[in-house]
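Engineer: Take a look at the following structure, please.
Residue numbers (this note's numbering), protein chains in the order written: chain A, 1 to 404; chain B, 405 to 808.
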């Protein structure tokens with residue numbers, strides 16, 4: 001009964017807040033109202049957290065320029081912790097608070113970006129030509145649940161359908177867009193702004209209307225708790241996501257969506273882990289894809305140096321020696337890699353990586369390998385590092401090159 | 405540079421976690437792995453939070469049976485706070501932790517339900533015939549951004565399209581489904597499981613394939629901070645959401661989706677505040693809707709008693725006297741309310757409220773009013789209170805009655 005009374009009081013309060021807001025706005029003894037985040041006209045951002053008992057509150061947000069390892073908030077006499085940062089470049093940023101050693105999202109911000117094992121708060125700084133929400137025709141971004149026969153479980157993907165699609169006319173080219181190790185299938189459409197970017201590019205006549213499929217690259221939630229089995233040989237274990245993609249995702253999309261199914265109307269790209277997935281899917285099935293994009297990545301298992309405790313870190317653009325796993329992979333896919341006919345239909349093999357990216361050497365090693373096998377990859381080396389800032393820019397650059 | 409090194413270390417760690425998970429799983433000095441929530445086979449749920457420095461951690465989850473005002477977690481010697489509750493009835497529940505006075509979501513749970521000014525963690529207890537994710541054809545639930553000319557800003561709604569819709573054939577009936585004061589446009593498809601419920605009902609032959617539109621009922625994020633202006637007379641202020649619905653939402657859906665636009669193929673329902681919205685939209689536009697549902701609600705501004713501090717709480721089913729605002733509303737819509745011809749095409753006017761619901765009196769007052777004006781509402785009084793448990797059940801009961 002006590003519970004029922006509390007619930008009643010709670011719901012009565014919010015229903016009355018809606019019906020008679022002016023009265024409640026002035027309610028005595030109400031806790032202070034906290035707005036967070038607040039993006040100012042000069043692109044500074046104020047973050048606030050009401051936590052009178054906390055000993056310290058730190059703001060973390062890896063991608064926010066100048067954020068470094070985090071910034072301490074300051075408490076005022078009402079128990080509100082606050083910090084103002086910036087001006088910050090236009091874009092979308094994930095962040096959270098560290099509250100007594102616990103990473104928590106901003107309790108006052110309903111805007112979130114899901115990841116593989118956690119959720120981030122999200123803040124958008126307007127001012128970008130193609131990333132802002134603009135008054136142009138908008139597509140729809142769906143969450144789609146499917147049963148993966150390859151993995152034996154339910155999975156979710158996000159699918160963008162362009163303006164006009166839902167009225168039912170025509171078929172569209174399809175672009176598979178894969179996320180990174182720190183992300184999930186929600187990431188490209190939340191922090192990645194994929195839907196808004198492509199809406200704006202279509203409205204500006206820069207990109208063709210297309211369906212964008214954003215699947216879940218992680219096949220297990222907590223990789224470190226339940227790792228995939230290692231193989232005894234030198235080759236990396238069979239990639240569960242690649243199996244899911246080939247066996248379930250592509251067939252699901254082609255059965256349930258009005259997408260064109262010829263090579264010239266199929267593209268694939270991914271960032272970081274998703275760039276590795278892209279190569280692992282596209283190179284062995286090159287007859288299926290005319291457009292391939294690799295953002296801040298390469299063949300990770302072939303060209304990524306394991307961190308050596310205590311050893312000096314190599315220069316970021318130093319190309320690692322190819323690993324035994326890489327050699328095994330090349331041998332496995334030798335015929336496709338060296339097939340000159342397949343390359344004729346490959347309209348674009350596009351790489352982009354930041355000068356400060358820790359996968360710069362991996363990118364360069366992969367480019368060299370592909371050239372040795374007769375590919376002609378395009379490579380853009382950009383400012384910046386391994387960030388969503390770059391990945392949104394790469395999508396903005398890449399999407400206009402598709403389906404021409 | 406220090407920031408870049410930290411970012412590099414972070415991304416290297418997660419990329420390697422993916423490539424070489426077994427090694428990292430055993431890393432020395434790694435913080436303990438915490439899984440939360442863990443739903444056991446006997447439908448008990450264990451919640452965990454790694455917070456060695458916290459003085460107390462409380463679990464809150466208004467809808468969880470037996471939860472009461474919250475339950476304290478217990479800390480073990482590794483700094484992990486833990487509680488096991490239940491067995492809990494199958495269903496989906498919102499919850500959060502109170503960490504030193506701050507309401508935070510579960511940092512280890514990527515499953516969330518957005519609300520108007522905050523985000524909840526979400527846990528699903530399987531075992532329900534129509535609410536579980538089952539291996540049946542699934543529809544798609546989209547987030548759709550539109551520009552509201554009525555409100556002068558961008559707004560979001562969620563739209564469910566049934567299995568088969570995305571292939572482009574046929575037109576479908578449309579069901580507008582409105583959320584409550586404690587929710588947002590995400591709520592019906594997250595904690596409300598609307599997509600999964602209707603997928604299952606369609607697969608079982610119990611409901612017709614339909615498009616479900618779930619708009620955002622709140623027109624401002626923080627109502628208490630920026631309340632809508634009060635009017636000088638007795639009538640409630642013009643409802644901004646009703647304007648948005650009539651001017652923008654319905655026209656957007658009918659322009660951009662393959663929905664049937666005759667009365668017999670249009671339904672509307674809502675819970676709590678959304679039930680009030682439903683009546684405010686449907687009664688003055690009765691020629692547009694053949695099916696109307698009101699869950700745990702009624703005409704709130706007409707039949708809701710303001711809380712009287714110190715006064716004994718009236719019995720929940722006591723019908724409040726009609727307010728001046730209610731009288732004004734009736735007068736305003738008298739012609740429609742008394743139009744016998746409009747009632748002929750109204751195939752269903754369905755109410756359901758729980759016996760313990762604080763809006764039981766409001767429901768009954770509204771039913772009496774409608775009967776006095778010649779309506780023949782169906783009323784189901786169910787066990788329980790003002791909870792998502794009931795609202796999912798009401799949707800499961802209501803959807804099969806539509807478009808017959």
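C-beta atoms are modelled at their ideal positions from N, C-alpha and C, and glycine is treated no differently.
1. Report yes if the C-beta distance between residue 295(A) and residue 352(A) is below 8 Å; otherwise report no.
2. What alpha helix (DSSP H) runs, 4 residues minimum, are completely inside the segment 556–599 of chain B?
3. Only counting the same chain, and skipping five residues up and downstream in sequence, which positions put a Cβ closer than 6 Å to that of residue 447(B)?
4. Around the Cβ of residue 378(A), are there at least 16 other Cβ atoms within 10 angstroms (buried) or fewer (exposed)?
5. Which same chain residues end up closer than 7 Å to residue 508(B) when comparing Cβ atoms and leaving out the 5 residues on each side of it in sequence?
6. Examine the Cβ distances between the segment 174–183 of chain A and the segment 272–287 of chain A and report whether three or more of them are shorter than 8 Å.
7. At a CB distance below 7 Å, what residues from the segment 126–144 of chain A approach chain B? Give them in sequence order.
8. State yes or no: is the beta carbon of residue 73(A) nearer than 8 Å to at least one beta carbon in chain B?
9. Could you tell me the distance, in whole angstroms, from the CA atom of residue 762(B) to the CA atom of residue 789(B)?
10. Scan the segment 313–331 of chain A for residues whose Cβ lies nearer than 7 Å to a Cβ of chain E and list them as they occur along the chain.
11. Report the residues of the segment 194–209 of chain A with a CB closer than 7 Å to any CB of chain B, ordered along the chain.
12. Let me see if you follow: with CB-CB separation under 8 Å, is residue 277(A) close to chain B or not?
13. Closer than 8 Å by beta-carbon distance: list the chain B residues that pair up with residue 364(A), in chain order.
14. Give the straight-line distance between the Cα atoms of residue 83(A) and residue 463(B), rounded to the nearest whole angstrom.
15. How far does the beta strand (DSSP E) with residue 214(A) in it reach, from first residue to last?
16. Taking the beta strand (DSSP E) that residue 96(A) belongs to, which residues open and close that run?
17. For residue 425(B), does the three-state DSSP call read helix, strand or coil?
18. Smallest Cα separation from residue 804(B): which of 510(B), 577(B), 514(B), 730(B)?
19. Given a threshold of 16 other Cβ atoms within 10 Å of its Cβ, counted over all protein chains shown, does residue 372(A) qualify as buried or as exposed?
20. Please state whether the Cβ-Cβ distance between residue 32(A) and residue 64(A) is less than 8 Å.
21. Buried or exposed for residue 167(A), please, with buried defined as at least 16 other CB atoms from any protein chain shown within 10 angstroms of its CB.
22. Output yes or no for whether 8 Å exceeds the beta carbon distance between residue 614(B) and residue 807(B).
23. State the Cα-Cα distance for the pair residue 533(B) and residue 390(A), rounded to the nearest angstrom.
24. Who are the Cβ neighbours of residue 554(B) in its own chain at under 6 Å, not counting the five residues just before and after it?
25. Can you list, in chain order, the residues of its chain whose CB lies under 8 Å from that of residue 691(B), leaving out five sequence neighbours each side?
26. Would you say residue 150(A) lies against chain B (beta-carbon separation less than 8 Å)?
27. So, at 6 Å on beta carbons, what are the nonlocal neighbours of residue 520(B) in its own chain, with the 5 sequence-adjacent residues on each side left out?
28. Along the alpha helix (DSSP H) that carries residue 394(A), what are the first and last residues, could you check?
29. Cβ of residue 635(B) less than 8 Å from any chain A Cβ?
30. How many Å lie between residue 330(A) and residue 548(B) at the Cα?
31. Within the segment 282–307 of chain A, note down every full beta strand (DSSP E) run reaching 3 residues or more, in order along the chain.
32. Give the range of the alpha helix (DSSP H) segment to which residue 486(B) is assigned.
33. For a contact meaning CB atoms closer than 8 Å, what does residue 521(B) contact in chain A?
34. List the endpoints of the continuous alpha helix (DSSP H) containing residue 257(A).
35. Consult DSSP for residue 726(B) and reduce its assignment to one of helix, strand or coil.
36. Quick one: what does DSSP say residue 439(B) is sitting in, helix, strand or coil?
Structural biologist: Based on what the coordinates show:
1. Along the first chain, read from residue 1 onward, the residue named residue 295(A) stands at position 295. Along the first chain, read from residue 1 onward, the residue named residue 352(A) stands at position 352. Result yes, Cβ atoms of residue 295(A) and residue 352(A) sit closer than 8 Å.
2. Under the rule that a run must span 4 or more residues, no alpha helix (DSSP H) segment is found entirely inside the segment 556–599 of chain B.
3. As a first step, residue 447(B) must be located in the second chain, where it is residue number 43. Same-chain partners within the cutoff: 490, 491, 492, 529.
4. Taking the first residue of the first chain as position 1, residue 378(A) is located at position 378. With fewer than 16 neighbouring CB atoms inside 10 Å of its own CB, residue 378(A) falls in the exposed class.
5. What you label residue 508(B) is simply residue 104 of the second chain in a count that begins at 1. Cβ within range, chain order: 500, 501.
6. Cβ pair count under 8 Å is three or more, so yes.
7. Those would be 133, 135, 138, 140, 141, 142, 143, 144, in chain order.
8. For the purposes of this step, residue 73(A) is taken as residue 73 along the first chain, with counting starting at 1. No - not a single Cβ of chain B is within 8 Å of the one on residue 73(A).
9. Position 358 of the second chain, counting from 1, holds the residue named residue 762(B). Position 385 of the second chain, counting from 1, holds the residue named residue 789(B). Residue 762(B) and residue 789(B) have their alpha carbons spaced roughly 7 Å apart.
10. In the displayed structure, chain E is absent; the protein chains listed are A and B.
11. Residues passing the 7 Å Cβ filter: none.
12. For the purposes of this step, residue 277(A) is taken as the residue at position 277 of the first chain. Proximity of residue 277(A) to chain B, defined by a Cβ-Cβ separation below 8 Å, is not satisfied.
13. One-based indexing of the first chain puts residue 364(A) at position 364. Ordered by position in chain B, no residue passes the 8 Å Cβ test against residue 364(A), which lies about 16 Å from the chain.
14. Here residue 83(A) corresponds to residue number 83 of the first chain, with the count starting at 1. Here residue 463(B) corresponds to residue number 59 of the second chain, with the count starting at 1. The alpha-carbon separation between residue 83(A) and residue 463(B) amounts to approximately 28 Å.
15. Reading the first chain from its first residue, position 214 is the one you call residue 214(A). Residues 211–214.
16. Residue mapping note: residue 96(A) aligns to position 96 of the first chain, counting from 1. Residue 96(A) -> beta strand (DSSP E) spans 91–99.
17. As a working mapping, residue 425(B) is identified with position 21 in the second chain. Residue placement at residue 425(B) is flagged as unreliable, the pLDDT there being 44, under the threshold of 50; the coordinate-derived value follows with that caveat. Of the three classes helix, strand and coil, the one that applies to residue 425(B) here is helix, per DSSP.
18. Indexing the second chain from 1 puts residue 804(B) at position 400. Closest in alpha carbon position to residue 804(B), among 510(B), 577(B), 514(B), 730(B), is 577(B).
19. Translated into positions along the first chain, residue 372(A) becomes position 372. Classification of residue 372(A): exposed, given that the 10 Å Cβ count is below 16.
20. Here residue 32(A) refers to the residue found at position 32 when the first chain is read from its first residue. Here residue 64(A) refers to the residue found at position 64 when the first chain is read from its first residue. No, they are not a contact pair.
21. Here residue 167(A) refers to the residue found at position 167 of the first chain. Looking at its Cβ environment, which holds fewer than 16 other Cβ atoms inside 10 Å, residue 167(A) is exposed.
22. The residue given as residue 614(B) occupies position 210 in the second chain. The residue given as residue 807(B) occupies position 403 in the second chain. In contact: residue 614(B) and residue 807(B) (Cβ atoms closer than 8 Å).
23. Reading the second chain from its first residue, position 129 is the one you call residue 533(B). Reading the first chain from its first residue, position 390 is the one you call residue 390(A). In a straight line, the C-alpha of residue 533(B) is about 45 Å away from that of residue 390(A).
24. As a working mapping, residue 554(B) is identified with position 150 in the second chain. In the same chain as residue 554(B), and ignoring 5 residues on each side of it, the C-beta atoms closer than 6 Å to its own belong to 647, 648, 651, 652, in chain order.
25. The count along the second chain starts at 1 and reaches residue 691(B) at position 287. Excluding positions up to five away in sequence, the list reads 667, 746, 749.
26. By one-based count along the first chain, residue 150(A) stands at place 150. At least 8 Å separates the CB of residue 150(A) from every CB of chain B.
27. Along the second chain, one-based indexing puts residue 520(B) at 116. 588, 622, listed in sequence order.
28. Residue mapping note: residue 394(A) aligns to position 394 of the first chain, counting from 1. It spans 388–398 - the alpha helix (DSSP H) in which residue 394(A) sits, taken as one unbroken run.
29. For the purposes of this step, residue 635(B) is taken as the residue at position 231 of the second chain. Its pLDDT being 47, under 50, residue 635(B) is placed unreliably in this model, and the value from its coordinates should be taken loosely. So no, residue 635(B) is outside the interface.
30. Reading the first chain from its first residue, position 330 is the one you call residue 330(A). Reading the second chain from its first residue, position 144 is the one you call residue 548(B). Approximately 43 Å between the Cα atoms of the pair.
31. Listed in chain order, the complete beta strand (DSSP E) runs (minimum 3 residues) inside the segment 282–307 of chain A are 291–295.
32. Walking along the second chain from the start, residue 486(B) turns up at place 82. Not the alpha helix (DSSP H): residue 486(B) falls in the beta strand (DSSP E), residues 484–489.
33. Taking the second chain and counting its residues from 1, one reaches residue 521(B) at position 117. Chain A residues near residue 521(B): 108, 110.
34. Within the first chain, numbered from 1, the residue matching residue 257(A) stands at position 257. Here residue 257(A) belongs to no alpha helix (DSSP H), and DSSP marks it neither H nor E.
35. As a working note, residue 726(B) is residue 322 in the second chain. Reduced to three states, the DSSP call for residue 726(B) is coil.
36. On the second chain, residue 439(B) is found 35 positions in, with the first residue counted as 1. Here residue 439(B) carries a coil assignment [DSSP, helix/strand/coil].
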